[in-house]
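Step one of this worksheet: look at the structure below.
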Amino acid sequence: MPLSHDHIRTTVATYLARHPHEREQLGALLNALERPTDIASRTTFTGHVTCGAIVLDPLGRVLHVLHLTSGKILAPGGHAEPSDESLPAAALRELHEETGIPPQAVTPWPGYERVPFDIDIHDIDAHPGKGEPGHQHFDLRFLFRLHTTNETPVVLQEEEVGGIEWRPVDKAASPSLREKLLKLPLQAEPETANASALVYNDRGEYLLHLRDYYPDRIREPGMWSLLGGGREPQDATLEHTVRRELAEEAGLDLGDLTPFGTEYACDDGASVPIAIYASRWNGDPRDLRLTEGVMLAWFAPKDLHRLRIAPTTCDLVRRHVASLPTRTTSENGLAPQEEHRPASPHGTVLNVIGVHLYLERPDGTVLLGLRHPDSAFAPSTWHVLAGHCEQESAVACLIREAREEAGLRIELQDVELVHVIHHIDKAGDRPRMGLFFRAHAWSGEPELREPDKCTRWRFWDAAALPDNLVPYTRQAIAKIRNGELYSETGWPA
3 MPLSHDHIRT
13 TVATYLARHP
23 HEREQLGALL
33 NALERPTDIA
43 SRTTFTGHVT
53 CGAIVLDPLG
63 RVLHVLHLTS
73 GKILAPGGHA
83 EPSDESLPAA
93 ALRELHEETG
103 IPPQAVTPWP
113 GYERVPFDID
123 IHDIDAHPGK
133 GEPGHQHFDL
143 RFLFRLHTTN
153 ETPVVLQEEE
163 VGGIEWRPVD
173 KAASPSLREK
183 LLKLPLQAEP
193 ETANASALVY
203 NDRGEYLLHL
213 RDYYPDRIRE
223 PGMWSLLGGG
233 REPQDATLEH
243 TVRRELAEEA
253 GLDLGDLTPF
263 GTEYACDDGA
273 SVPIAIYASR
283 WNGDPRDLRL
293 TEGVMLAWFA
303 PKDLHRLRIA
313 PTTCDLVRRH
323 VASLPTRTTS
333 ENGLAPQEEH
343 RPASPHGTVL
353 NVIGVHLYLE
363 RPDGTVLLGL
373 RHPDSAFAPS
383 TWHVLAGHCE
393 QESAVACLIR
403 EAREEAGLRI
413 ELQDVELVHV
423 IHHIDKAGDR
433 PRMGLFFRAH
443 AWSGEPELRE
453 PDKCTRWRFW
463 DAAALPDNLV
473 PYTRQAIAKI
483 RNGELYSETG
493 WPA
């Protein structure tokens, strides 16, 4: 029989008991519950309930699907059916239908067996061809944990789903969901997870770490392996884990880290998941400050059989080689164009490129954001809206970051480069090139889209900036107001 009004009303009431501050924003749902219409029916176009499955894997990543109709990356979910016995059961059915993941492969997150983890209300466009007017979805999202230790087969619902993606929780597509996931206490599986970096250069070589020979203290003693280590309580995501490990073990700061896969290692008889992140780097490992292990060195895939190395690491490297755009390799294990592509000259140090938004209103005030107290960089400090370039142009990065972080929409023709600052925190750190762009026009008012990174937006008088402002940002703003295009800071005199 269809899900009853009482079941839905009780579920929503239980959710609001935990999140009373959301009562106002869920007003449309509460109003719909007071009407006599069937709120669970997809033909109730005054608004109806949908059910979503938020699934975390053993690495703490959240499942997303590419929804073909909307073209959006979303959590699995959909309409309730008359056969659904409960709202969580509807979410599990949709998970199975869209991804092939069976209900027995997941378990409800403790404390969320019958209560939604998040409720989201969003508008749905009209579909005249289906006779559907525009309406609202009241999406009740239930939290589950994927408890299988092996890869779960995925069978996509091809007419609706174009693919799946496991994202770190800080990259969850929904802002409200992302905020709640980042506050979620870790359970056993994520706490025992590890993360490693698969670092390669333009010659097709891979960076390997020779471990200390301490058989009773470390895994794979005296063997060549990847840099990485175990998750610690302060790590919000496994990307944070691998970045921290790279910095601690080798003083290495990589720009892009792309999730590549999941491996499993045996530790005291238990299977421990390891998240693998890939990144390209062309530096000289002899210049790194190694604090653990014996040494770092580059190796071509064809030479791995000569090393004392785990077979799983060899397989991992070979699978990564096969995943690169050019699959054809020569007898030395490199793609033909990589044999002749020169690596960066010895001594070259890659600089991190950061883009910064200089947003000044007609009254002369400048937009600044207060960084989260737990931020790895400049906690509880004011800073302009900023981000690192991914595989994109600097201006494209600026436009994307403005939209993702603050809900601001900026057009390409309204952007102007107004300052470049080449800065370094202290001798030996990774140099950074900060590009400051002025937006002459924009739409929208600053919103807290990523509260885990920024806790407040405010326009400040450029002549009376806050004391706790990032130093290089203060310098850049002063130079912009003075009409200077370039400056440096932090470099030895």
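Going by the working numbering, the first residue of the sequence shown is number 3, and it counts up by one from there.
We treat Cβ as the ideally placed atom computed from N, Cα and C, and that holds for glycine.
Please read all numbers here as calculations on a predicted model, not as lab measurements.
**OP:** Would you check if there are 3 or more beta carbon pairs closer than 8 Å linking the segment 238-245 to the segment 58-73?
**Re:** yes
Original post:
In three-state terms, what does DSSP make of ASN284?
Top reply: coil
Original post:
Quick one, are the C-beta atoms of ARG423 and SER489 less than 8 Å apart?
Top reply: It should be pointed out that residue 423 corresponds to Ile in this sequence rather than to Arg. Against a cut-off of 8 Å, the Cβ pair of SER489 and ILE423 comes out as a contact.
Original post:
For LEU158 versus LEU58, is the C-beta distance shorter than 8 Å?
Top reply: no
Original post:
Among LYS481, ARG458, ASP218 and ARG291, which one has its Cα closest to the Cα of ARG432?
Top reply: ARG291
**OP:** Could you tell me the distance, in whole angstroms, from the CA atom of GLU250 to the CA atom of LEU228?
**Re:** 14 Å
Subject >> Inter-residue Cα distance where the pair is SER6 and PRO84 >> reply: 10 Å
Original post:
Which one of VAL420, THR48 and PRO453 has the shortest CA to CA distance from GLY442?
Top reply: As written in the sequence, residue 442 is His, which differs from the Gly given in the question. Closest by alpha carbon: VAL420.
Original post:
If we count the other Cβ atoms within 10 Å of its Cβ and call it buried at 16 or more, is HIS50 buried or exposed?
Top reply: buried
**OP:** Can you give me the Cβ contacts of ARG246 inside the same chain, cut-off strictly under 7 Å, excluding the 5 residues immediately before and after it?
**Re:** ASP237
Subject >> Segment limits, alpha helix (DSSP H) that includes LYS74 >> reply: Looking at the DSSP string, LYS74 is not in any alpha helix (DSSP H); the run it does join, the beta strand (DSSP E), is 74-76.
Subject >> CB contact flag (ARG143, ASP122, <8 Å) >> reply: yes
Original post:
Can you list the alpha helix (DSSP H) stretches of 4 or more residues lying completely in the segment 105-186, in chain order?
Top reply: 177-184
Original post:
By the 10 Å Cβ neighbour count, where 16 or more other Cβ atoms means buried, how is ARG373 classified, buried or exposed?
Top reply: buried
Original post:
With a CB to CB cut of under 8 Å and the five nearest residues on each side skipped, what residues in its chain are close to LEU200?
Top reply: TYR208, LEU228, PHE262, ILE278, TYR279, ALA280, SER281, LEU318, VAL319 and HIS322
Original post:
In this structure, does DSSP put LEU28 in helix, strand or coil?
Top reply: coil
Subject >> Inter-residue CB distance, ARG25 and LEU18 (contact presumed, cutoff 8 Å) >> reply: 6 Å
**OP:** Could you tell me which of ARG363, SER395 and ASP376 sits nearest to GLU1, measuring between CA atoms?
**Re:** The structure shown does not extend to residue 1, since the chain spans only 3 to 495, so no value can be given for it.
**OP:** Using DSSP bridges, identify the partner residues of LEU471.
**Re:** TRP384
Original post:
Ordered along the chain, which non-local residues of its own chain (more than five positions away) have a Cβ less than 6 Å from that of ALA34?
Top reply: ILE41 and GLY49
**OP:** Please name the residue, chosen from LYS455, ARG483 and GLU452, that lies closest to ASP463 on a Cα-to-Cα basis.
**Re:** ARG483
Original post:
Between the C-alpha atoms of ALA404 and VAL171, what's the straight-line distance to the nearest angstrom?
Top reply: 20 Å
Original post:
Is ASN33 helix, strand or coil when you go by DSSP?
Top reply: helix
**OP:** Tell me whether ALA15 counts as near the ligand SAM, meaning its Cβ is closer than 7 Å to at least one heavy atom of that ligand.
**Re:** The ligand content of the structure shown is nil, which means the ligand SAM is not present either.
Original post:
Mapping DSSP to helix, strand and coil, what is ALA197?
Top reply: strand
Subject >> Cβ neighbours of ALA380 in the same chain (closer than 7 Å, five flanking residues each side left out) >> reply: ARG373 and VAL472
**OP:** Find the nearest neighbour of ALA466 within the set ILE479, ALA302 and TRP493, judged by alpha-carbon distance.
**Re:** ILE479
**OP:** Please classify GLN27: is it buried, with 16 or more other beta-carbons within 10 angstroms of its beta-carbon, or exposed?
**Re:** exposed
Original post:
Do ASN196 and GLY231 have their C-beta atoms within less than 8 Å of each other?
Top reply: yes
Original post:
Is it a yes or a no for the segment 67-74 touching the segment 132-142, going by three-plus beta-carbon pairs under 8 Å?
Top reply: no
**OP:** Inspect the beta-carbon positions of LEU179 and ILE56 and report whether they are closer than 8 Å.
**Re:** yes
**OP:** Using only alpha-carbon positions, find the residue among ALA174, GLN477, TRP168 and GLY253 that is nearest to PHE438.
**Re:** GLN477
Original post:
Would you call THR475 buried or exposed, if buried means 16 or more other Cβ atoms sit within 10 Å of its Cβ?
Top reply: buried
Original post:
Leaving out five residues before and five after ALA396 in sequence, what residues of the same chain have Cβ atoms less than 6 Å from its Cβ?
Top reply: VAL357 and LEU437
Original post:
Under 8 Å between the Cβ atoms of GLY224 and ARG213?
Top reply: yes
**OP:** Would you please state the rounded distance, in angstroms, between the beta carbons of ARG451 and GLU413? I believe it to be under 8 Å.
**Re:** Not confirmed; about 19 Å, so no contact.
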